[in-house]
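Take a look at the structure below.
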Amino acid sequence: MRREGSAFQGVGVVVLKELSDHLTSVRMRVLEWLVVLVALAALYGAIQQIKDTTAEDPFLFLRLFTTSREPLPSFVSFISFLVPLMAIGLGFDAVNGEYNRRTMSRILAQPIYRDALLFGKFLAGLATLAVSLITLWLLVMGLGLLLIGVPPGAEEIGRCILFLIVTVIYAGVWLAVALLFSIVFRSAATAALVTLGIWLVITFIWPVLAGAVAQMIVPIDPRYAALGLQTPGTAEAEHILARLSPSTLFAETVVAILDPTTRSLGPIYLSQMQGAVLGAPLPIGESILIAWPQTVGMIASAIVLFVIGYVIFQRQEVRA
Amino acid sequence: MSGEIVIEAKGLTKKYGAATAVDHISFSVGRGEIFGLLGPNGAGKTTTILMMLGLTDISEGEIRVLGFDPAREPLSVKRRVGYLPDAVGFYDQLTAADNLRYTARLIGFKKAEREEKIAAGLNRVGLSEFADKRVSTFSRGMRQRLGLAEILMKGAQIAILDEPTSGLDPHATSELLAIIRAFKAEGVSVLLSSHLLERVQSVCDRVALFSGGRIALMGSVAELGREVLGGGFVVDIEADGAGLAERLALIPGVSGVERTGISKLRLHADRDVRPEAAVEVVGSQGRLRYLGVQEPSLDAIYNRYFETRPNEELTMKDGARDAA
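Here the protein sequences line up with chains A and B, keeping their order.
For the first sequence, the working numbering assigns the number 1 to the initial residue and increments by one for each residue that follows.
For the second sequence, the working numbering assigns the number 1 to the initial residue and increments by one for each residue that follows.
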């Protein structure tokens, strides 16, 4: 038998309420300032570097995002570890906070399904992240225009917009992680710690570990090693393992989109490179094709994580 | 019980793995009735309430709330039933009115009726002047009243109150009970759970005493008193008069006279002997200062019932052994 009514009844109400909570919270303000300051630092480094070195570059504007100057990392690398922090900051107490405030049973006694509460919380978190990322993006674009003085071409604008979309998707993945742990753990502090721990492991330890695990699965062939080459099987295994981490997926997607000369994100044979004009930029459509699997991978992992959380939440006891 | 039945449970059961939280309970609540689910913590009261609202699965049996099945039609049930959870919480950073606005939007009230209903609800519980204050400044009693304002705003036909009086001072408790009585006057059925028996005794039309997931006793307080405490009436008298105690002992139906203080007497009888006692006092030229009959108290009923129960269980076990 089907249950009556729509699972989405009340989603809009929950989204609006959560959104206003997020946008007025002190936490959000702190995160915003953190992001803005860090991004400005990275941007400053990039612009110094661009002014020093680049004489002629058809994609000068995109360099803004990817160029780094020691000791600061590039804007993209800053974003790739700040976005998870923002998402975790917004999501770690989404569900358990309702229990701890003892509002959960009162809200669920209203004519809505639990689905609406969870969807609403996720969408509101994503909207908040999108708003702050768009703001940041506009800020960077504007500063870039002012400081470099070269207007970006249509394709550059297109690539910048794609970068923004991919960043929002990446934020969605981490928001889903944070939401999942806020459902699993009743204590907000535990949820925050566990989520941050997982972020640390996935972002900083897993890439190193992936290489070691890959060598265990496919041992290095001494013949390749003698020639100073990577064993193809090992390299492939390492890539597959590394791509389990959303950070890797994001990094690869961004490389494909912001660097038009990127032709492949995995290891390729020399034979596959035959006839290629190295260093020649690809059209935007081709770059999208290269980044497509990674992007879909991120969307899929966000959905899977959300569904796991959804199932747990549906079966959870309401009483605190 | 009068008229239409709004809640009806039959063999309602909730199991958590091997443990049974609610064990085949059956009861019904009529329109405009105040029904008390009483019993110690962990007796299954809250679980029963959650099953009524469709917030937890039913393992066995069935329940109908206003004719709807909460497991299948939870939205219809929740649209018509107001729920005040145990130690209700609100969003502290929002004002009282904003908290209610959020709920009103979730219920789906139109903008025009929303403000009116919120103002009316807050007014009824005496929180009008605090409408624009943040809930973080509210006392526990005010939070409970805000919870009741939410139910009033919702226009619920049934109000389910889980431990509404726990943690409240006597003044706040009596305010709360007054609001609950007002619900009844409007034809709203009230189902309230509590472990504080005497506090709710005064408002409940009927009560169900829970114990270990079962309903041990059900009925009005007077009925239960007769059933558990025996048919005895206790009449207290404060009066002087020569040989009064002896004369009172001769009233038909009086089984004993006890001296409880200076010129204070207590009669144990099998019926209400107040009229006869008054006649005797006046007849003996005594001065009557007090004459009252003790209402059976739920506390006494509860304690008496569970004093005798262990023996029952013992005999039941013996019986089972014999049968085996």
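A virtual CB, placed ideally from N, CA and C, is assigned to each residue, including glycine.
Asked, Found
"Listed in chain order, which residues of the segment 95-106 of chain A have Cβ atoms closer than 7 Å to some Cβ of chain B?", "ARG101, ARG102, THR103, SER105, ARG106"
"When the cut-off is 9 Å and only beta carbons count, does THR165 (chain B) lie next to chain A?", "no"
"Please check the pair ASP270 (chain B) and SER255 (chain B), which I expect to be a contact at CB under 8 Å, by giving their CB distance rounded to whole angstroms.", "7 Å"
"Are the C-beta of ASP318 (chain B) and some C-beta of chain A separated by less than 9 Å?", "In this predicted model, ASP318 (chain B) has a pLDDT of only 38, less than 50, meaning its place in the structure is not dependable; the value taken from the coordinates is given anyway. So no, ASP318 (chain B) is outside the interface."
"Which residues does DSSP list as the beta-bridge partners of SER193 (chain B)?", "B:LEU37, B:ASP162"
"By Cβ distance, which residues of its chain are closer than 7 Å to GLY39 (chain B), with the 5 residues on each side in sequence left out?", "LYS45, HIS195, LEU209, PHE210, SER211"
"With C-beta atoms as the reference, is PRO111 (chain A) less than 9 Å away from LEU106 (chain B)?", "yes"
"Can you tell me which of the three DSSP states GLU62 (chain B) falls into?", "strand"
"Report the neighbours of VAL318 (chain A) on chain B: residues whose CB is nearer than 8 Å to its CB, in chain order.", "LEU50, LEU55, THR56"
"What number of angstroms, rounded off, separates the C-alpha of ALA300 (chain A) from the C-alpha of ARG214 (chain B)?", "48 Å"
"For a contact defined as C-beta to C-beta under 8 Å, what are the partners of GLU4 (chain A) on chain B?", "ARG72, GLU73, PRO74, LEU75, SER76"
"Less than 9 Å between CB atoms is the rule here; does ILE107 (chain B) satisfy it with respect to chain A?", "yes"
"Determine the direct distance from the alpha carbon of ASN99 (chain B) to that of LEU168 (chain B), and round the result to whole angstroms.", "22 Å"
"Going along chain A in order, which residues have a C-beta closer than 9 Å to the C-beta of VAL125 (chain B)?", "In chain order: nothing, as chain A lies at least about 15 Å away."
"Show which residues of chain B have a CB atom less than 7 Å away from the CB atom of GLY343 (chain A).", "Because chain A in this structure spans residues 1 to 320, residue 343 (chain A) falls outside the shown range and cannot be described."
"Residues in its own chain within less than 8 Å of ARG114 (chain A) by CB, not counting five upstream and five downstream?", "LEU108, PHE313, GLN314"
"Return the residue from the list B:GLY108, B:ALA97, B:ALA112 that minimises the CA-CA distance to ALA149 (chain B).", "B:ALA97"
"Quick check: is the beta carbon of PRO40 (chain B) nearer than 9 Å to any beta carbon in chain A?", "no"
"ALA171 (chain A) and PRO84 (chain A) - do their beta-carbons sit closer together than 9 Å?", "yes"
"Put ALA119 (chain B) into one of helix, strand or coil per three-state DSSP.", "helix"
"Could you give the DSSP three-state label for ALA21 (chain B): helix, strand or coil?", "strand"
"In this structure, how does DSSP classify PHE210 (chain B) when only helix, strand and coil are distinguished?", "strand"
"Counting only Cβ-Cβ distances shorter than 8 Å, please list the residues of the segment 106-122 of chain A near chain B, keeping chain order.", "ARG106, ILE107, LEU108, ALA109, GLN110, PRO111, ILE112, TYR113"
"Check SER26 (chain B) in the structure and name its three-state DSSP category.", "strand"
"Smallest Cα separation from ALA242 (chain A): which of A:PRO58, A:LEU23, A:VAL213, A:ILE220?", "A:VAL213"
"Any idea what DSSP makes of LYS264 (chain B), helix, strand or coil?", "strand"
"Would you tell me roughly how many angstroms separate the C-alpha atoms of PHE119 (chain A) and THR103 (chain B), rounded to the nearest one?", "17 Å"
"Would ILE49 (chain B) and LYS184 (chain B) be called neighbours here (beta carbons separated by less than 9 Å)?", "no"
"Output the boundary residues of the alpha helix (DSSP H) element that contains LYS78 (chain B).", "74-80"
"Which runs of the alpha helix (DSSP H) spanning at least 4 residues fall entirely within the segment 82-158 of chain A, listed in chain order?", "96-100, 104-108, 114-148"
"Could you tell me which residues DSSP pairs with VAL254 (chain B) in its beta bridges?", "B:ALA269"
"Using the Cα positions of LEU127 (chain B) and VAL81 (chain B), report the straight-line distance between them to the nearest angstrom.", "22 Å"
"Hey, LEU175 (chain A) and ALA87 (chain A) are a contact pair by Cβ (cut 8 Å); roughly how many whole angstroms apart?", "4 Å"
"Measuring alpha carbon to alpha carbon, tell me which residue in A:GLN230, A:VAL36, A:TYR224, A:LEU117 is nearest LEU19 (chain A).", "A:LEU117"
"Tell me the residue span of the beta strand (DSSP E) that contains LYS15 (chain B).", "5-16"
"Helix, strand or coil: how does DSSP classify PHE130 (chain B) here?", "helix"
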